[in-house]
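Laid out in structure tokens, this is it:
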């Protein structure tokens with residue numbers, strides 16, 4: 001007879017069912033790009049438990065633009081994983097109807113607020129940070145919203161650019177102003193999206209890995225995007241961060257190789 005684990009509130013969870021849920025969760029996430037076109041995409045994720053609450057995605061839209069999404073659902077474990085899966089289904093459906101970051105983020109906020117209202121709480125249960133950007137390959141313009149997420153980074157020859165939040169996390173307020181912003185990418189840029197589990201990782205001395213260490217790794221000599229991802233996680237290990245991590249850790253990197261003719 002299969003042994004079952006007891007979670008919060010006395011809930012029994014079958015380890016086999018958890019493993020199956022993890023495999024289903026992995027199917028949702030994008031894989032690193034085996035073939036590079038005008039860009040190369042790499043992803044790497046480690047969860048604090050069997051299931052995770054980080055949402056990361058790349059979607060090629062019907063008109064050829066590339067949507068990039070990274071979010072961090074409030075909480076950990078099973079609940080965060082369920083909310084993340086809800087987000088995945090909603091965004092994948094909505095992205096092909098409303099393919100501008102501002103409008104799509106407004107729909108996500110309404111979607112989460114609706115479930116929060118049904119559960120009679122607006123606090124921690126149906127909320128997420130979210131960065132959502134769309135790159136036009138013919139112009140390399142990145143239009144984005146950043147709903148309370150840690151700032152994505154762009155490495156280019158003359159330094160590193162941060163893309164700070166443009167609004168609050170989604171799911172807390174029904175009425176939320178969601179302004180968008182934009183930046184023009186350049187050939188040779190490396191765009192890095194990540195979750196706070198990376199920079200908030202601590203070592204036994206209680207020191208945080210921090211944004212500056214991540215920037216130093218980004219600025220280093222890693223010509224291959226997959227090698228760069230490995231270096232970040234190797235840096236966390238040498239720093240002394242917990243392994244497995246105490247919080248979900250996600251990296252999504254996009255190397256820009258040039259524009260596509262209109």
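Residue numbers (UniProt numbering): 1 to 262.
All residues carry an ideal CB built from backbone N, CA and C; glycine is no exception.
- Taken through DSSP and simplified to helix, strand or coil, residue 65 comes out as coil.
- Excluding its 5 nearest sequence neighbours in each direction, residue 127 has C-beta neighbours in its own chain below 8 Å: 73, 74, 112, 116, 169, 170, 171 and 172, listed in chain order.
- Here the stretch 132–139 does not lie against the stretch 196–206, with fewer than 3 beta-carbon pairs under 8 Å apart.
- Contact check for residue 43 against residue 252 passes: the beta carbons are separated by less than 8 Å.
- Distance check between residue 211 and each of 255, 183 and 161 places 161 closest, using alpha-carbon atoms only.
- Residue 127 carries a coil assignment under DSSP once its states are collapsed to helix, strand and coil.
- Distance from residue 145 to residue 182 at the Cβ level is roughly 10 Å; contact not present, criterion being Cβ atoms closer than 8 Å.
- Between the alpha carbons of residue 86 and residue 59 lies a distance of about 17 Å.
- In this structure, DSSP gives residue 172 a state outside helix and strand, which the three-state scheme calls coil.
- Around residue 244, the same chain offers 46 and 48 as residues with beta carbons nearer than 7 Å, after the five sequence neighbours per side are excluded.
- A distance below 8 Å separates the beta carbons of residue 104 and residue 94.
- By the 16-neighbour rule on beta-carbons within 10 angstroms, residue 257 is exposed.
- Judged by DSSP secondary structure, residue 109 falls outside any beta strand (DSSP E) and instead within the alpha helix (DSSP H) spanning 101–118.
- In the DSSP annotation of this structure, the continuous segment of the beta strand (DSSP E) that includes residue 56 starts and ends at 54–60.
- Taking the CA atoms as reference points, residue 230 sits about 31 Å from residue 90.
- At a Cβ-Cβ threshold of 8 Å, residue 130 and residue 108 count as neighbours.
- If you draw a 10 Å sphere on the C-beta of residue 81, you find 16 or more other C-beta atoms in it, and that means buried.
- When rounded, the separation of the alpha-carbon atoms in residue 209 and residue 192 is 17 Å.
- Rounded to the nearest angstrom, the Cβ distance from residue 199 to residue 232 is 10 Å, too far for a contact under 8 Å.
- Residue pairing by DSSP places residue 224 opposite no residue, since no beta bridge is assigned to it.
- Look at residue 229 here: in three-state DSSP terms it is helix.
- For residue 246, there is no enclosing beta strand (DSSP E), as DSSP marks it with neither H nor E.
- Straight-line measurement puts the Cα of residue 164 at about 15 Å from the Cα of residue 101.
- It is roughly 21 Å from the alpha-carbon of residue 238 to the alpha-carbon of residue 223.
- Taking the Cβ atoms as the reference, residue 176 lies roughly 6 Å from residue 167, within the contact range of under 8 Å.
- For the options 185, 92 and 56, the alpha carbon positioned closest to that of residue 194 is the one of 56.
- Here the alpha carbons of residue 125 and residue 248 stand approximately 17 Å from one another.
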